[in-house]
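The opening position of the sequence shown corresponds to residue 6 in our numbering, with each subsequent residue numbered one higher.
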Amino acid sequence: MILDEPSPGDRVAFNIQWFLALVVLLNAVVIVLITVPSIDKQYRILFGPVMNFCLFIFTIEYLLRIWSCTSSANLKGIVGDRFRYAMHLYLLIDLISILPVFFPFIFNRHLTILRTFRLLSIFKLGRYSRYSQSLAQLKRVLFRKREIFAIMVFILIFVVLFSSTILYLIENPVQPDKFSSIPAAMWWSAMTVTTVGYGDIYPVTTLGKIIGSFFTFLGVLVLALPSAILATGFIEEKNRISDPVMVQRASAACLIRHFTSLRDQGKISDQEYEEFTSMVYCLRSGDE
């Protein structure tokens with residue numbers, strides 16, 4: 006299938022994918038530029054047709070994807086396959102991006118809503134990340150280290166909450182307007198722990214400065230850990246990919262997922278699915 010899963014080396018599919026990606030970028034650039042009053046006033050005549058062209062391409066792409074997603078011979082299978090396919094994340098994003106087609110009839114004066122929906126088409130680029138080996142590797146690393154990152158997020162939340170509570174108790178008596186509550190102090194804590202340092206709220210007491218400095222150093226340490234975890238994860242993933250046994254297992258898992266998808270779409274029967282998966286398991290056992 007050219008639009009969804011093009012075959013490797015298919016130049017036509019490659020060119021179409023690039024064309025669609027460029028249309029998405031063009032649409033995003035135009036949406037951003039029209040928010041600048043001077044540029045919008047000067048190039049409004051050009052921006053309108055460009056956005057309508059992008060919207061036309063998105064609509065045609067969506068309809069072609071829905072139309073070609075099934076090969077079922079019966080009406081129930083056709084409707085079911087298309088409905089399941091339409092519920093995929095990227096298809097929902099595609100649908101949202103073409104909703105502006107109907108907006109002139111529903112929300113004629115709500116230009117902000119119209120532009121927001123059009124800008125959401127930028128998320129369509131996520132579909133093409135599947136073809137990038139580096140992004141696929143990053144996705145696998147994040148998934149394998151998800152428990153560690155969850156712990157890091159918990160620690161970060163704890164540090165923000167604890168530091169804002171301490172600074173509220175210390176600074177509230179001398180700065181009741183700035184540190185008026187713990188939620189107000191959380192703004193200072195978030196800016197300090199992330200080392201951004203916005204500067205509109207800061208401690209003025211000696212004890213507050215000392216504790217604030219401590220949490221600044223602690224924030225540097227907390228935010229530096231994810232980089233080390235990602236680096237370690239990439240090394241482990243590279244070693245895992247270079248291991249022939251792991252490569253064979255990963256290939257077998259990809260084949261099984263592919264056969265499962267074909268079975269769910271009704272393209273192969275349950276019996277054929279069992280035969281194909283049995284062959285994969287036998288081949289993997291023989292290689293090992």
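For glycine and all other residues, C-beta sits at the position ideal for the given N, C-alpha and C.
Coil, strand or helix - N79 by DSSP
Note: N79 maps to coil in three-state DSSP.
Are I187 and Y173 touching if we call contact CB-CB under 7 Å?
Cβ atoms of I187 and Y173: closer than 7 Å.
Sort S77, L80, R70 by Cα distance to M92 and report the nearest one.
R70
Same chain, Cβ closer than 7 Å to W192, five either side skipped, listed in chain order
Excluding positions up to five away in sequence, the list reads I206.
What did DSSP end up calling K243 once you bin it into helix, strand or coil?
helix
Please list, in chain order, all residues of the same chain as V37 whose beta carbon is under 7 Å from its beta carbon, the five residues on each side excluded.
If the five residues before and after V37 are omitted, its C-beta is found closer than 7 Å to no C-beta atom of its own chain.
Name the two residues that bound the continuous alpha helix (DSSP H) containing V158.
151-176
Contacting residues, own chain, Cβ-Cβ under 7 Å from G213 (five flanking each side not counted)
L172, I175, E176
Per DSSP, what kind of secondary structure is Y207 in: helix, strand or coil?
coil
So M157 packs on L230, CB below 8 Å; how close in whole Å?
6 Å
Could you give the DSSP three-state label for D182: helix, strand or coil?
coil
C-beta contact flag for V35 and V55 at 7 Å
yes
Of the choices P178, S266, R262, L166, whose alpha-carbon is the least far from that of F220?
L166
How many whole angstroms separate the CB atoms of F264 and T282, which I take to be in contact at a CB cut-off of 8 Å?
F264 to T282, Cβ: 6 Å. Contact.
Which class does S274 belong to by DSSP, given the choice of helix, strand or coil?
coil
Per-residue burial, V209 [other beta carbons within 10 Å of its own, 16 or more giving buried]
exposed
For D86, which three-state DSSP category applies?
Here D86 sits in helix by DSSP.
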